[in-house]
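Peer 1:
There are 2 protein chains.
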Amino acid sequence: MSLEKLDSNKVFGGTLTKYTFVSESLGGLKSNLNVFLPPKSQEIKVPVLYYLAGLTCTEDNGAQKGHFFKAASENGLAIVFPDTSPRGAKIQGEDDAYDFGSGAGFYIDATKDPWSKNYRMYDHVTKELPRVISSSDLPIDTSKASILGHSMGGHGALTLYLKEPKLYRSASAFAPICNPTSCPWGQKAFQGYLQDGVQEGKLHDATELIRSIPPSERRLDILIDSGLDDKFYLSQQLLPERFQEAAREAGHDEQSVKIRLQPGYDHSCEARAILCPPLAPLCVSLTFFP
Amino acid sequence: MSLEKLDSNKVFGGTLTKYTFVSESLGGLKSNLNVFLPPKSQEIKVPVLYYLAGLTCTEDNGAQKGHFFKAASENGLAIVFPDTSPRGAKIQGEDDAYDFGSGAGFYIDATKDPWSKNYRMYDHVTKELPRVISSSDLPIDTSKASILGHSMGGHGALTLYLKEPKLYRSASAFAPICNPTSCPWGQKAFQGYLQDGVQEGKLHDATELIRSIPPSERRLDILIDSGLDDKFYLSQQLLPERFQEAAREAGHDEQSVKIRLQPGYDHSCEARAILCPPLAPLCVSLTFFP
Numbered sequence: 009m010s011l012e013k014l015d016s017n018k019v020f021g022g023t024l025t026k027y028t029f030v031s032e033s034l035g036g037l038k039s040n041l042n043v044f045l046p047p048k049s050q051e052i053k054v055p056v057l058y059y060l061a062g063l064t065c066t067e068d069n070g071a072q073k074g075h076f077f078k079a080a081s082e083n084g085l086a087i088v089f090p091d092t093s094p095r096g097a098k099i100q101g102e103d104d105a106y107d108f109g110s111g112a113g114f115y116i117d118a119t120k121d122p123w124s125k126n127y128r129m130y131d132h133v134t135k136e137l138p139r140v141i142s143s144s145d146l147p148i149d150t151s152k153a154s155i156l157g158h159s160m161g162g163h164g165a166l167t168l169y170l171k172e173p174k175l176y177r178s179a180s181a182f183a184p185i186c187n188p189t190s191c192p193w194g195q196k197a198f199q200g201y202l203q204d205g206v207q208e209g210k211l212h213d214a215t216e217l218i219r220s221i222p223p224s225e226r227r228l229d230i231l232i233d234s235g236l237d238d239k240f241y242l243s244q245q246l247l248p249e250r251f252q253e254a255a256r257e258a259g260h261d262e263q264s265v266k267i268r269l270q271p272g273y274d275h276s277c278e279a280r281a282i283l284c285p286p287l288a289p290l291c292v293s294l295t296f297f298p
Numbered sequence: 009m010s011l012e013k014l015d016s017n018k019v020f021g022g023t024l025t026k027y028t029f030v031s032e033s034l035g036g037l038k039s040n041l042n043v044f045l046p047p048k049s050q051e052i053k054v055p056v057l058y059y060l061a062g063l064t065c066t067e068d069n070g071a072q073k074g075h076f077f078k079a080a081s082e083n084g085l086a087i088v089f090p091d092t093s094p095r096g097a098k099i100q101g102e103d104d105a106y107d108f109g110s111g112a113g114f115y116i117d118a119t120k121d122p123w124s125k126n127y128r129m130y131d132h133v134t135k136e137l138p139r140v141i142s143s144s145d146l147p148i149d150t151s152k153a154s155i156l157g158h159s160m161g162g163h164g165a166l167t168l169y170l171k172e173p174k175l176y177r178s179a180s181a182f183a184p185i186c187n188p189t190s191c192p193w194g195q196k197a198f199q200g201y202l203q204d205g206v207q208e209g210k211l212h213d214a215t216e217l218i219r220s221i222p223p224s225e226r227r228l229d230i231l232i233d234s235g236l237d238d239k240f241y242l243s244q245q246l247l248p249e250r251f252q253e254a255a256r257e258a259g260h261d262e263q264s265v266k267i268r269l270q271p272g273y274d275h276s277c278e279a280r281a282i283l284c285p286p287l288a289p290l291c292v293s294l295t296f297f298p
């Protein structure tokens, strides 16, 4: 389970390193991740931000196109970029679609055969990665973590944050899928990966999840940035208003759940450039980005 | 010759737009470019930075991975990203190699058949693009321009700047090819594109060019950033020390020709992340990047 270094280079004063390891959570398949370490990590263990990428992506997209390193370097933050699914599970149909199987793990643990052996990205991100990082010699303090994602990875960031209050101090999401049980991408994924399909998918739906968390139980720290000229927003794959409405109904104020719908911006967090001031109000309790 | 808009999206408060047009300089082939406009361009015509990409790249690489837009947006600077060669000239062998033909125009005007009709990237960047931009309704003041490039595009930035004192106020280059007549990439390109091969290539070699420009004639403003862990530096494709030596011999001081050789950094300005603080001291005479 130890990390094997594949490649490393300096960037914005820090270091970006690609690792691979044999992932137990993914059924013994090899899995890659990129890790950015800021200069400050040479002195102390630094807090960490997990970045979850979207459909079709790998551990490289956010590292190459995310524009995060200058801010992370200046603010002493590590960033961990996992892959978006297992690779090479040799399941029939695994590579047939851009929105299911390889590159489309949806950050859930599949409960339906033949996917349930390998497609366990929830466990991979929430349990295995912190364990692997903590048992390595990486200067990262996994007890200080936040989570960020784009599109399918935004769905991942929101749901993992809502389900794991002890793991993450904040969640940020660019153009996230907010109500997957009500959109084609989410319905297809849940029907494919889960025994009880879309019904079971409600356990992994940010809009459903936030309904059941009263502010008295937990003060949330969520930021969503979504573009109004995003074709996936326009085709109702993202549905941020549903999440916003559910948050409001549950009693969360606009400071706890910030949703910015930005005219003129599209889905291109990774496709062409990032949507908004990167990481702007990411997390006051962890590391403050001005 | 007018610009046809293909795509546009907002990014860091500005706008990134992809255009295509029928390029006379490239023998009537269609050519693409990306143009970033900062918010300030809504009020006044803004200065422009040309970004020349490296081998295998297109107009998209710098726009997607360059990490330039936050700084450009804050500093009121447009960025123009041309392609790296003509496309679809239907010359035999055009697509056979990564370092010659398509994606490898070297920012020179070919003088050898069959390349000389279409492979005229020098003319394309120095004459046609400013003309096309000026005759469009883009809010860009092409009389205030600087030039930047990576690898083969760094060679382009240095040589275009040295040969066109009236066009560009500064040149910046990440991991540039500095002495192409002495390295395999440059020798192959010059032998292929130029009637008199490498000998003629001296007219397009930054190290040769800087020798003939005394400081009394022109105060230069050049910044080179190159990584010492760059495999192309190590395999002597880049040769920044040759350029440094020639600049010193010609009498240019280290303020006019700044060369930073950075331990730990590789060639990945575009491959994985940018090499150094982006655009840092790009150009004092044009727009100052802090």
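Sequence lines, in order, name chains L and C. Going by the numbering used here, the first residue of the first sequence is number 9, and it counts up by one from there. Going by the numbering used here, the first residue of the second sequence is number 9, and it counts up by one from there. Where a beta carbon is used, it is the ideal one built from N, C-alpha and C, also for glycine. Since we're looking at a predicted model, the values are computed, not measured.
#1: Mind checking who glycine 22 of chain C pairs with in its DSSP beta bridge?
#2: Could you list which residues in chain C have their beta carbon closer than 9 Å to that of tyrosine 127 of chain L, in chain order?
#3: By alpha-carbon positions, which one of C:Leu202, C:His260, C:Ile99 ends up nearest to arginine 226 of chain C?
#4: Would you kindly work out how many angstroms separate the C-alpha atoms of phenylalanine 198 of chain L and histidine 275 of chain C, rounded to a whole number?
#5: At least one CB of chain C closer than 9 Å to the CB of valine 19 of chain L: is that the case?
#6: Return helix, strand or coil for aspartate 131 of chain C, following the three-state DSSP convention.
#7: When you compare only the Cα positions, how much space is there between arginine 268 of chain C and serine 234 of chain C?
#8: When the distance is taken between beta carbons, is tyrosine 273 of chain L closer than 9 Å to lysine 18 of chain C?
#9: Candidates L:Gly84, L:Lys266, L:Ile232: which alpha carbon is nearest phenylalanine 44 of chain L's?
#10: Please classify serine 10 of chain C: is it buried, with 16 or more other beta-carbons within 10 angstroms of its beta-carbon, or exposed?
#11: Using a Cβ distance threshold of 8 Å, determine whether the region 182 to 193 of chain C contacts the region 201 to 217 of chain C, with at least three qualifying pairs required.
#12: Would you call the region 138 to 155 of chain L and the region 213 to 226 of chain L touching, i.e. three or more CB-CB distances under 8 Å?
#13: Between the C-alpha atoms of glycine 21 of chain L and valine 265 of chain C, what's the straight-line distance to the nearest angstrom?
#14: Less than 6 Å between C-beta atoms, sequence neighbours within five positions excluded: which residues of the same chain meet that for glutamate 7 of chain C?
#15: For the region 39 to 57 of chain C against the region 243 to 259 of chain L, are there 3 or more C-beta pairs whose distance is under 8 Å?
#16: Just checking my contact of leucine 60 of chain L with glycine 161 of chain L at CB under 8 Å: how many whole Å lie between their CB atoms?
#17: Would you grab the beta carbon distance between threonine 92 of chain C and glycine 111 of chain C for me? Rounded to a whole angstrom, and I think it's under 8 Å.
#18: Rank L:Ile87, L:Leu246, L:Leu170 by C-alpha distance to the C-alpha of phenylalanine 77 of chain L and give the top, closest one.
#19: Hey, alanine 255 of chain C and leucine 228 of chain C: beta-carbon distance below 9 Å or not?
#20: If you drop the 5 nearest sequence neighbours on each side, which residues of the same chain put their C-beta closer than 6 Å to that of serine 49 of chain C?
#21: Helix or strand or just coil, what does DSSP make of threonine 28 of chain L?
#22: So the candidates are C:Gly194, C:Lys26, C:Pro138; which of them puts its Cα closest to the Cα of serine 159 of chain C?
#23: Is there a C-beta anywhere in chain C that falls below 9 Å from the one on leucine 290 of chain L?
#24: If contact is defined by three or more beta carbon pairs under 8 Å, each pair taking one atom from either stretch, is the region 166 to 180 of chain L in contact with the region 64 to 80 of chain L?
#25: Who are the neighbours of serine 180 of chain L on chain C, taking C-beta pairs under 8 Å?
#26: Buried or exposed: where does proline 173 of chain L fall if 16 or more other Cβ atoms within 10 Å of its Cβ makes it buried?
#27: In this structure, how does DSSP classify proline 90 of chain L when only helix, strand and coil are distinguished?
#28: Please state if the CB of leucine 247 of chain C and the CB of lysine 215 of chain C are separated by a distance shorter than 9 Å.
#29: Can you give the Cα-Cα distance for aspartate 117 of chain C and aspartate 107 of chain C, rounded to whole angstroms?
#30: Applying a beta-carbon distance threshold of less than 8 Å, which residues of chain C neighbour serine 276 of chain L?
#31: With distances taken from CA atoms, which of C:Arg139, C:Phe29, C:Phe240 is nearest proline 94 of chain C?
#32: If you measure between the beta carbons of leucine 170 of chain L and threonine 119 of chain L, is that distance less than 9 Å?
#33: Less than 9 Å between the C-beta atoms of alanine 1 of chain L and phenylalanine 240 of chain L, yes or no?
#34: In chain C, which residues lie less than 9 Å from lysine 48 of chain L when you measure between Cβ atoms?
#35: Can you say whether glycine 308 of chain C is buried or exposed, counting buried as having 16 or more other CB atoms within 10 angstroms of its CB?
#36: Between C:Gln263, C:Gly62, C:Glu82, C:Gly113, which has its C-alpha nearest valine 54 of chain C's C-alpha?
Peer 2: According to the structure shown:
#1: According to DSSP, which records beta bridges pairwise, glycine 22 of chain C is partnered with C:Val19.
#2: Annotation: tyrosine 127 of chain L has no Cβ neighbours in chain C at a cutoff of 9 Å; minimum Cβ distance is about 28 Å.
#3: For the set C:Leu202, C:His260, C:Ile99, the Cα lying nearest the Cα of arginine 226 of chain C is the one of C:His260.
#4: Whole-angstrom Cα-Cα distance: 42 Å.
#5: Taking Cβ atoms only, chain C reaches closer than 9 Å to valine 19 of chain L, which makes this a yes.
#6: In the three-state scheme derived from DSSP, where H, G and I count as helix and E and B as strand, aspartate 131 of chain C is classed as helix.
#7: In a straight line, the C-alpha of arginine 268 of chain C is about 6 Å away from that of serine 234 of chain C.
#8: The answer is yes: Cβ separation under 9 Å.
#9: Taking phenylalanine 44 of chain L as reference, the option from L:Gly84, L:Lys266, L:Ile232 with the minimal CA-CA separation is L:Gly84.
#10: That one is exposed.
#11: Cβ pair count under 8 Å is three or more, so yes.
#12: Of all C-beta pairs linking the region 138 to 155 of chain L to the region 213 to 226 of chain L, fewer than three are shorter than 8 Å, placing the two stretches out of contact.
#13: If you draw a straight line from the Cα of glycine 21 of chain L to the Cα of valine 265 of chain C, it is about 23 Å long.
#14: In the structure as shown, chain C begins at 9 and stops at 298. Residue 7 of chain C is therefore absent and cannot be evaluated.
#15: Segments in contact, no.
#16: Right, their Cβ atoms sit about 3 Å apart.
#17: Confirmed, Cβ separation roughly 5 Å.
#18: It is L:Ile87 whose Cα lies nearest to the Cα of phenylalanine 77 of chain L.
#19: Yes, Cβ-Cβ distance for alanine 255 of chain C and leucine 228 of chain C is below 9 Å.
#20: Listed in chain order, the non-local C-beta contacts of serine 49 of chain C below 6 Å within the same chain comprise Pro147, local neighbours out to five positions each way being set aside.
#21: Residue state, collapsed to three classes: strand.
#22: It is C:Gly194 whose Cα lies nearest to the Cα of serine 159 of chain C.
#23: With a pLDDT of 33 at leucine 290 of chain L, under the threshold of 50, the modelled position of that residue is not reliable, and no figure is offered here.
#24: Segments in contact, no.
#25: Per Cβ cutoff of 8 Å: no residues; serine 180 of chain L is ~16 Å from chain C at best.
#26: With fewer than 16 Cβ atoms within 10 Å of its Cβ, proline 173 of chain L is classed as exposed.
#27: In the structure shown, proline 90 of chain L sits in a strand (DSSP, three-state: E or B).
#28: Checking the displayed sequence, the identity of residue 215 of chain C turns out to be threonine instead of lysine. Yes.
#29: The alpha-carbon atoms of aspartate 117 of chain C and aspartate 107 of chain C are separated by roughly 16 Å.
#30: Residues of chain C whose Cβ lies closer than 8 Å to the Cβ of serine 276 of chain L are, in chain order, Asn17, Val19.
#31: Among C:Arg139, C:Phe29, C:Phe240, the Cα nearest to that of proline 94 of chain C belongs to C:Phe29.
#32: It is not a contact, given that the beta carbons lie outside the stated cut-off.
#33: Because chain L is modelled from 9 through 298, residue 1 of chain L falls outside the range shown and cannot be assessed.
#34: What lysine 48 of chain L touches in chain C: nothing, since even the nearest Cβ is about 16 Å away.
#35: Shown here, chain C extends from 9 to 298; a query on residue 308 of chain C therefore has no answer.
#36: Comparing Cα-Cα distances from valine 54 of chain C to each of C:Gln263, C:Gly62, C:Glu82, C:Gly113, the minimum goes to C:Glu82.
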